[in-house]
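First up is the structure itself, then whatever we jot down about it.
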Amino acid sequence: MTIINKIKKIKPVIRLIGSKYRLFNQLYIHFNLSNITKFYDVFGGTGIVGINIKNINPNIDVYINDYDNILPLTKKFVEDNNKRFNGFGGYSQAAIQQYNKKVLNGLWTKLKIYNNVLKNINISHLDYKELLNSHSFNNNDLIYLDPPYFSNFKAYKHKINLDDFFKFILFFNSKNNCKIAISFKYNEKILNLFKNWNIYYLNHTNTNISTIKKDKNANEILITNFKE
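If you read the sequence shown in my numbering, its first letter stands for residue 3, the second for the next number, and so on.
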């Protein structure tokens with residue numbers, strides 16, 4: 003079991019299902035960025051992983067692939083997102099009340115900080131295959147993939163064929179000498195598919211703890227083609 007010190011993180015200013023903010027400490031230690039010069043967040047979502055990587059490691063070139071085309075975040079988008087159930091559902095009175103509290107607690111200052119970090123990040127808006135096929139990678143590059151988990155979930159603006167995705171990544175790995183990390187929900191089929199990779203179990207209950215063995219609190223996994 004690995005325990006890490008709490009890392010001071012930039013907090014997300016929008017709500018999005020599947021955000022890795024709470025799991026970032028665990029992801030970060032397994033990324034092992036000591037020799038990394040380029041970090042690619044291929045399914046950027048809110049951008050929270052790439053933003054924190056850049057904020058903690060200013061010398062790393064960070065690339066966020068914003069396929070939903072929401073970055074940089076506008077005040078209008080942030081307001082609308084925060085007033086909706088789970089960020090993309092219907093307007094919710096509870097969400098609106100939380101939004102008002104966030105405004106009083108400095109939401110717009112946090113948005114400014116968020117976008118200021120984004121100014122030093124390379125942002126693209128491509129399909130993941132198009133992105134990965136358009137770059138040359140080496141052993142100092144880390145590609146982080148956090149694909150949409152649930153193909154029928156309405157909050158995802160864009161969906162992918164997961165079987166095709168995993169097949170593509172295994173082929174891509176065989177042809178490229180770069181580091182790859184994939185986060186996904188716990189799934190026996192995926193574990194078997196990547197049985198020769200390194201598997202880490204991510205813990206939502208204690209966000210500073212991850213294990214190399216399955217436990218009752220671990221419902222997500224991180225798969226890497228490299229060791230820490």
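In this text, a Cβ means the ideal position worked out from N, Cα and C, and glycines have one as well.
Do Val80 and Leu113 have their C-beta atoms within less than 7 Å of each other? yes
Would you kindly work out how many angstroms separate the C-alpha atoms of Ser153 and Lys10, rounded to a whole number? Summary for Ser153: the model assigns pLDDT 47, below 50, so the residue's position carries little reliability; its value from the coordinates is reported in the next sentence. The straight-line gap from Cα to Cα measures roughly 33 Å.
Return the CA-CA distance between Phe139 and Asn178, expressed in angstroms with no decimal places. 7 Å
Report the residue ranges of all alpha helix (DSSP H) runs contained in full by the region 60–132; include only those spanning at least 4 residues, in chain order. 77–84, 95–106, 109–120
At least 3 beta-carbon pairs within less than 8 Å: the region 67–75 vs the region 126–137: yes
Do you know offhand how far Val119's Cα is from Ile53's? 6 Å
Between the Cα of Phe26 and the Cα atoms of Ser36, Asn37, Lys13, Leu18, which residue gives the shortest distance? Lys13
If you reduce the DSSP assignment to three classes, tell me which class Lys10 lands in. coil
Span separating the alpha-carbon of Leu224 from that of Ala183: 7 Å
Is the beta carbon of Asp148 closer than 7 Å to that of Phe45? yes
Please give the ranges of any beta strand (DSSP E) in the region 134–189, keeping only runs that are unbroken, at least 3 residues long and fully inside the region. 143–147, 181–187
How far does the alpha helix (DSSP H) with Leu29 in it extend, from its first residue to its last? 26–33
Phe200 - containing beta strand (DSSP E), residue span: According to the sequence displayed, residue 200 carries Asn and not Phe. Residues 200–205.
Between the C-alpha atoms of Asn163 and Ile171, what's the straight-line distance to the nearest angstrom? 12 Å
Hey, out of Leu29, Asn84, Asn205, Tyr116, whose CA is closest to Val105's CA? Asn84
Can you list, in chain order, the residues of its chain with a C-beta nearer than 8 Å to that of Glu222? Leave out the 5 residues immediately preceding and following it. Leu25, Ser185, Phe186, Lys187, Tyr188, Tyr203, Leu204, His206
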